[in-house]
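Here it is as C-alpha cells:
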C-alpha cells in the first residue's frame, strides 16, 4: 500500500473487558452504538446465536467499520467454537486493524497467550497489524505497574501503543492521532496477506442489518447512527487538537499567565535559546517579544533540526532516489513542528488582560499585524480584544491641499481611517497575506503568510482570526498611500467564517477578494451579494492572466497568474487608492464594540468597575483648560512645593553670618508652607482617587490605574496638540522677525507670548505620576504639621504610603526624584519603602540605574531589557527619577543572592527645557545622586563619542570624593547606542584607551584637590575599559514610521543583560531598609554640597581654585601695600613733614605694587 491516508478501515476490537472494549468502539465512532454494560453472565458459553457486533460510520473523512468481538476471550470457548465467530469477523480485501484493549495493571501471562492464539486464528500476520490500546490513568501518569506480560505484548506489537486519557469525551489523545498511527502501520504493506493466511471467506453479511422499525418509528441507518454526528464529531476533534497543542507547548488555557510572572528574572530570560525545546517555546517567544525582536515568531525547535529523512540502505540508483516514496514527516515518528502563529495565538489565549495588552503593544512595536477578532479554540466564541489596543499610538505625516506637511499622533482605538478588508474564498495559488505585505511594507512580514519561516499546513489557531495593521505615511513622495489606512485580513477560507466576514464587509471602505475561478460555483451566492453591494470591490483571480479590468459600477478584477509581482503590487495599490478616493466611509476600532454578536474583553466585570471609577474622577476635569488642571486640582505640588524645596536647599547651604538666625527663619518659612499645603486639604479629584484605591480590589485597582492613564491622555491630547501647534506657529513668527533684525515692540510682544506658551506647555504636562506626587505632598504636609486630626482623616492619610507600596509591588513605578522641583520627597519615599518592607519583608535588592543624555534611548533600552513600560518619545519624556521593582524567580535567587532588582530610570541630561533655564547644576546633582544610588549604573551614550558624559562623570567623581563621610562604591558600564559598525569595539580600542587615561587623569586631579588617596577613576567608580563598554546597533531597521525594530538591537540588549547579571551575581545588593537609609544619607549629603555642581568639569574646578588662590594673594598684596602706604603717610603727618596729602602721593606709593600685580 502506498503511504498516505487510508480511506476505508475495518477495525477489530479484542479485549477481555466487554464494557471497556465497547467504550473504545463508541469513542472512535463518536456515538454510543455498543452497549457498555457487561452481559449478565460472562462465564458460561455464549449462545450460538451470539456473534460479533458491527457498526459503521464516517469519521474524519473515512469509512470506518468496527467489529466488536465480546466473547472471543471466554476461556470456555474451544478453538472449534471460536472459528465461526472469527469467520464472521473476517472481511473482504479491506485493510484490517486489530485494537487490543488491555488493562495494563491486571494483564496476565495467561491473557497474553489467549490473545496470541486468537490473533493466530485470524492470521499469523495479525500481530503485525495490532495496536495496544489502554485507558487506565496509571499508564498516562507513568507510574503504573509494568507487568512482564504487558511488556512482552508491547514488544510483539513492535511498541505500537495508543492511550486514551478518558473515554467520556475527547481529551489528550484524539481519534485523529490514532488514525495517524494506523496509517503509519499500514504503510508497511496491506492486510490482504492476512486474508490469504486465514483461508477463510465470508460475505458482507458480517455486519448484520438492523431490525425493521416499528410502525411510525423512523429507521436509523448507519449514516444516521454514526455519520449523522459527523459535525459533532468534527467539533470534538477540533477541540482536541488545540488541547494537544497547548499541552505540547506547556500551556493551560484555564490558568492564565500573568504579566508579573512573565517579567520576573528567570534562567530563560538570561539565555538566548535557539533552537529550543517545544516546552520552552512559549517562554522563549515571550522573552524575545519583550525585547522587541520580531524574529520571535520564527524560533526553531530542536525537533526541526532532526526532521531529515534518511533511507535504510544505500539508494544509489537514480530512479530509487527520485521516485521512491518515503514516510511522511507528519507521521507519528515525525511530528510536525508547531506552527509559529499557533505559538503566538496560544500565548494570547492563555494570558490575562494585562499580559495580552503587553503582547499586543510589543507586536505593534515590531510592526506586526494585531489580532482584531479572535475565535476561542474551545468555545468557538469570537472575541474583540479592544482593551489590548488602548495604549497603542501611531504617528504619521500627511500633506494638506496647500502642500503643508501635517504631523498626527493618535491612539489607534480612536483613529478614524479608511479600512481595506481582504478575504480568500477556497484555495488559491497566491498568498493573500503576502500580497498585503507588499502593499504595506515589502521588506517586512507584517502579516504571516505561507512562505514565512516555519510555516506549514498544520496550523490550528490562526484560521478565523482577523488581524489589523495600519499603513502610516511619512509625508514624503515615496509613500504608498497619502494618509493613514487600516488593512484587515481574515485568515482562512472566508466562506467558513460568516460572522467575521459579515462584520468586516459592513465596516470596510474597500473589500478585496482572492479566489480561484474554478471554485466560483461553491461561493457564487456570497460573491454575488458582495458584487451587488455599493462598496468598492476588487477581485483578485489567481488563475487569470489579465491586468486590471473595471466594470461600470466600480468593481475591479486583477489577474495574478504568471504576472510580475511588482506589476501586481502597482496595479493593486493604484486600484485601492482609486477606490478610497471615491469612498467616504471611515473605520474606528471602538465602533466594533457596538457589534452584538461578538464577545468583548472590556465586558469583564473587573475591567468595567475600573473604568467606571476612572470616568467618575475624569468627569471633574471637564470644562477646564489643560494647563490649569494641576493648579486647580493638585495645589500641593505647584509653587508651594517648589518654594519649600528652594528653602530646604538654602537651609543646608547657609552663609557664614548669623547662621542660627538664618536657620530659624528658614525653618519657620518651611513650616508655614507646609501649613498652607495642609489648608488646601484634599481636592475633589484626590478624594475620589484615594477613595477608589481604598475600595477597589487587586485587579480592579490595576484596571483603574490603566483606565485613568488612558482616559487622561484622551482628555488632554487634543489641547496639547493645539498648544504645540500654536507654539510652532509663534516660534516661526519670532524667527521671521529675527531674520529681519526687528527690534520693535512687536518682537518683544511675540517673544513674550512665546514664553507664555512655553509655560503653558510645561503646566499642561499632566499624568498619573502627578497624582502620586500630590499624594506624596499631602502625606508630607500631614506628617510635618502637628494639628489635631479626626480619626477617619488620620487613617485615610496613613494609608497613602501603603497604596503606593502595593502598587510598587505589582510593578508600578514610583517617582523617586521630582523632576520639576529637582528634589527628593524623603518623608514620602521613606514611608513607602517602610510599607514595602511590611508587605514583602526586608528583601534584598540590587539597584540598577541608568544615566545618559536626553533622547539617547535609556528608557527604550530598559523597557526592552526588562519588559517595563517607562515613557518613551522624542524630547524630555521622563522627568526626574523613577524606580521600579523586578522580581527574581525562586530558581534564580540562590544564584543571584537577592530577591528583586530595583531599576532607576532618569530624565535625560543636557535637556533643553522649554523655559530655557540652565540645567548644569541640576544635571550634575542628578548624575551624582543616580550613580551613588545604584550598585551598577549604565552610562548611556548616543553614538561613539563619550565627551558629554565624560564631563558629567568628572563632576560625579569630584562630588564623591568631597562627600567623604558617605562611603560609596558604585560601578558602571558604558553603552554606546546607534553604532552601526559591528567592528566598532575593535576600531575604538584606541579611543577607549584615551577615555580611560582621561578619566584617570581627572580622578587624580580631583583626588589632589580633595586630599584623597584615589589614584585612578576605578578607585572611585569601578570600571574596566576592556570589558565594560558595549556597542548597540541602531534601534530601527529602516526609517519610521513603518520600520520594524532592528533584531540586532534586541541581541545587543540580551548580551548587555547577560553582562549585567554576571556582575550582579558577585554582589549581595542591600536590603530595602538599607536602601532607604542610602537614599536619605546620599540626598542629605548632596544638599550640603553646593560648590562642585556649578562647574562643567573637574578642570574648571581646578582652574577656579587656582584663580581663587591667586586672587587671594593679589588681594593681600594690594591690601598690604595700602597698609604700608597708610602707615608711612601717617608717620609723616605725625612728624609734621606732610601737611596735605595729594593724589600723586598715593599714586606714587602704590605704583610699584600695582606694576607687580599687573605683571602677574
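Numbering (the working numbering), first residue to last: 6 to 1165.
Where a beta carbon is used, it is the ideal one built from N, C-alpha and C, also for glycine.
Check this for me: beta carbons of residue i and residue j, under 8 Å apart or not?
i, j, result
"residue 901", "residue 943", "no"
"residue 827", "residue 1055", "no"
"residue 433", "residue 517", "no"
"residue 400", "residue 477", "yes"
"residue 1080", "residue 850", "yes"
"residue 480", "residue 403", "yes"
"residue 840", "residue 810", "yes"
"residue 609", "residue 260", "no"
"residue 247", "residue 383", "yes"
"residue 513", "residue 441", "no"
"residue 965", "residue 1091", "no"
"residue 584", "residue 515", "yes"
"residue 385", "residue 1052", "no"
Assuming residue i contacts residue j under a Cβ cut-off of 8 Å, what Cβ separation, rounded to an integer in Å, is found between them?
i, j, result
"residue 855", "residue 928", "At roughly 14 Å, the Cβ-Cβ gap does not stay under 8 Å, so residue 855 and residue 928 are not in contact."
"residue 604", "residue 387", "7 Å"
"residue 762", "residue 735", "6 Å"
"residue 975", "residue 937", "6 Å"
"residue 618", "residue 697", "4 Å"
"residue 284", "residue 254", "7 Å"
"residue 765", "residue 728", "6 Å"
"residue 154", "residue 188", "Not quite, the Cβ-Cβ distance comes to about 28 Å (not below 8 Å), so this is no contact."
Can you list, in chain order, the residues of its chain with a C-beta nearer than 7 Å to that of residue i? Leave out the 5 residues immediately preceding and following it.
i, result
"residue 871", "268, 891, 908"
"residue 781", "830, 833"
"residue 369", "375, 397"
"residue 1063", "275"
How many Å lie between residue i and residue j at the Cα?
i, j, result
"residue 472", "residue 373", "9 Å"
"residue 258", "residue 354", "7 Å"
"residue 362", "residue 491", "20 Å"
"residue 145", "residue 168", "Any reading at residue 145 must be qualified, since the residue scores a pLDDT of 49, below 50, and its modelled position is unreliable; the value itself is stated next. C-alpha separation (whole angstroms): 7 Å."
"residue 77", "residue 127", "12 Å"
"residue 962", "residue 496", "59 Å"
"residue 282", "residue 288", "11 Å"
"residue 980", "residue 993", "13 Å"
"residue 818", "residue 812", "8 Å"
"residue 221", "residue 184", "Low per-residue confidence applies at residue 221: pLDDT is 36, beneath 50, and the placement is therefore not dependable, though the value from the model is reported in the following sentence. In a straight line, the C-alpha of residue 221 is about 39 Å away from that of residue 184."
"residue 948", "residue 983", "6 Å"
"residue 528", "residue 561", "18 Å"
"residue 997", "residue 941", "20 Å"
"residue 672", "residue 644", "18 Å"
"residue 651", "residue 695", "29 Å"
Going by the C-beta, is residue i closer than 7 Å to any heavy atom of the ligand NAP?
i, result
"residue 246", "Absence of the ligand NAP is noted for the structure shown, with no ligands found whatsoever."
Ignore the nearest five residues each way along the sequence and tell me which others in residue i's own chain have a CB closer than 8 Å to its CB.
i, result
"residue 598", "389, 391, 605, 607"
"residue 893", "269, 270, 901, 903, 904, 905, 906"
"residue 641", "682, 685, 779, 782, 783, 786"
"residue 726", "414"
"residue 152", "109, 110, 112, 113"
"residue 814", "841, 844, 845, 890"
For residue i, collect the residues of the same chain with a Cβ closer than 6 Å to its Cβ; drop the 5 residues on either side in sequence, then sort them by chain order.
i, result
"residue 863", "855, 857, 945"
"residue 20", "26, 106"
"residue 567", "550"
"residue 161", "132"
"residue 5", "What the structure shows of the chain is the stretch from 6 to 1165, and residue 5 is not part of that stretch, so it cannot be assessed."
"residue 590", "514"
Completely contained beta strand (DSSP E) runs for the segment 446-515, where each covers 3 or more residues = Qualifying beta strand (DSSP E) stretches, in chain order: 471-476, 490-498.
Of all the beta strand (DSSP E) runs that stay within the bounds of the segment 518-554, which reach a length of 3 or more residues?
-> Within the segment 518-554, the beta strand (DSSP E) runs of at least 3 residues that lie entirely inside it are, in chain order, 542-546.
Would you mind listing the beta strand (DSSP E) stretches within the segment 924-960 that are 3+ residues and don't spill past its ends, in chain order?
-> If only complete runs of 3 or more residues are kept, the segment 924-960 shows the beta strand (DSSP E) at 941-947, in order along the chain.
Can you list, in chain order, the stretches of the beta strand (DSSP E) that have 3 or more residues and sit fully within the segment 984-1029?
-> As far as the segment 984-1029 is concerned, it has no whole beta strand (DSSP E) run of at least 3 residues.
Enumerated in chain order, which unbroken segments of the beta strand (DSSP E) with a length of 3 residues or greater are wholly contained in the segment 809-841?
-> Listed in chain order, the beta strand (DSSP E) elements of length 3 or more contained wholly in the segment 809-841 are 819-822.
Runs of beta strand (DSSP E) wholly within the segment 870-904 (minimum 3 residues, chain order) = Segments of the beta strand (DSSP E) lying fully in the segment 870-904: 886-892.
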